[in-house]
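Residue numbers 101 to 382, in this note's numbering, belong to the letters of the sequence shown in order. This report concerns only the one structure given below.
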Amino acid sequence: MDNSLLRRNPPPILTVRLFPGLLTGLLDLLATLSGDDWTTPIPKKSWSVKDVALHLLSGDIGILSRRRDGYVSAAPKTTDYRELVEFLRTQNDTWIRAAQRISPGLLRGLLGFTGRQVQDYFESLDPNASGESVSWTGPGAAPNWLNIAQEYTERWHHQQHIREALARPGFMEERFLRPALDTFIRALPHTYRDVRAPEDTVIQVTISGDSGGVWLLVRERNRWGLYIGSAGRPRAAVVLPQEIAWKLFTKWATKDEALRASEIQGERSLVLRVFDMVSVIA
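Next comes the structure, spelled out in structure tokens:
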């Protein structure tokens, strides 16, 4: 493969500037909701609109307390991924049950208060300095820009949940969707970590649409590297529409739903792992 036209390790995704627009959109949306709107169930989820808003508030409180202020009241006593997921799920469920007494108006006000502080905190960080790990991209510290991008996708996709549940227009413009997809795709090498293939094997992953792109997984030195660009003859290739890709990577669409909407060429067995990729802690 000619690597001269490819770029290893796609560039950082700088999402801090997108937080104010995303927060304003959420607060403006919540201001329009009636009592029944708050109890509307999220499709394919066990949460209501209010539950998702409470989850977003919990995320803000966690960032400000744990990361900014260095205060940890409870932490998982394990590094096992499944146990970590279960710890966070229990913590989320406990919070949502306890916080039901918060009124919709107060909840919206709290989201504005914490959201602006989160924005200020993220702006204070060196994007290239080491931060917390982003578990779905692999173990070890991740740069701050990736931590912030993860938090951006968390807020973006949960707001999409609310908007779709209420049949309101989503934040699907390129300036919001492209960085979300670019962040999600960083999970590819870790997803393929135990997939064996000959040296120089190339798998091409294309997300179609205005906010999509083309990425290559290349097997080199017994590991998978992520490139941007396209290959003349990849060993396997898949094209996913952007409308289904983000839902697949956040577990809001099933593997079968995504397969029906996608196109596969080459060795199908090499491509199928893409449909197991999860770019959220779940």
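Ideal Cβ placement from N, Cα and C applies to all residues, glycine included.
Residue i burial status per 10 Å Cβ neighbour count (16 or more: buried)
| i | result |
| --- | --- |
| A174 | exposed |
| L206 | exposed |
| T84 | Look at the range of the chain in this structure, 101 to 382, and you will see that residue 84 is not part of it. |
| R296 | exposed |
| P279 | buried |
| K144 | exposed |
| L105 | The pLDDT assigned to L105 is 47, lower than 50, so where the model puts this residue is not dependable; a value taken from the coordinates is nonetheless given after this. Looking at its Cβ environment, which holds fewer than 16 other Cβ atoms inside 10 Å, L105 is exposed. |
| V218 | buried |
| Y171 | exposed |
Nearest candidate by alpha-carbon position, reference residue i, set the options
| i | options | result |
| --- | --- | --- |
| R167 | R182, S203, G209, F222 | F222 |
| F276 | R117, I344, E183 | R117 |
| R323 | L211, P243, M377, P298 | P298 |
| L123 | R335, L210, E320 | L210 |
| P204 | L326, K347, K150, S308 | K150 |
| S158 | N192, L127, F119 | N192 |
| I387 | V371, A337, I307, G366 | What the structure shows of the chain is the stretch from 101 to 382, and residue 387 is not part of that stretch, so it cannot be assessed. |
| G309 | V378, R293, D282, E232 | D282 |
Nearest-angstrom Cα separation, counted from residue j out to residue i
| i | j | result |
| --- | --- | --- |
| L154 | F187 | 18 Å |
| R182 | V380 | 13 Å |
| V234 | L288 | 13 Å |
| P201 | T214 | A quick correction: the sequence has Arg, not Pro, at residue 201. Approximately 18 Å between the Cα atoms of the pair. |
| E251 | G313 | 21 Å |
| H290 | V374 | 11 Å |
| G135 | S369 | 48 Å |
| I196 | P227 | 31 Å |
| R387 | V302 | In this structure the chain extends from 101 to 382, so residue 387 is not present and cannot be described. |
| V318 | E274 | 27 Å |
| A265 | T140 | 7 Å |
| G212 | E320 | 46 Å |
Beta-carbon gap between residue i and residue j smaller than 7 Å
| i | j | result |
| --- | --- | --- |
| W315 | I364 | no |
| T350 | H257 | yes |
| I163 | H261 | no |
| S362 | Q342 | no |
Three-state secondary structure (DSSP) of residue i
| i | result |
| --- | --- |
| S224 | helix |
| I328 | strand |
| R108 | strand |
| P334 | coil |
| V185 | helix |
| R321 | coil |
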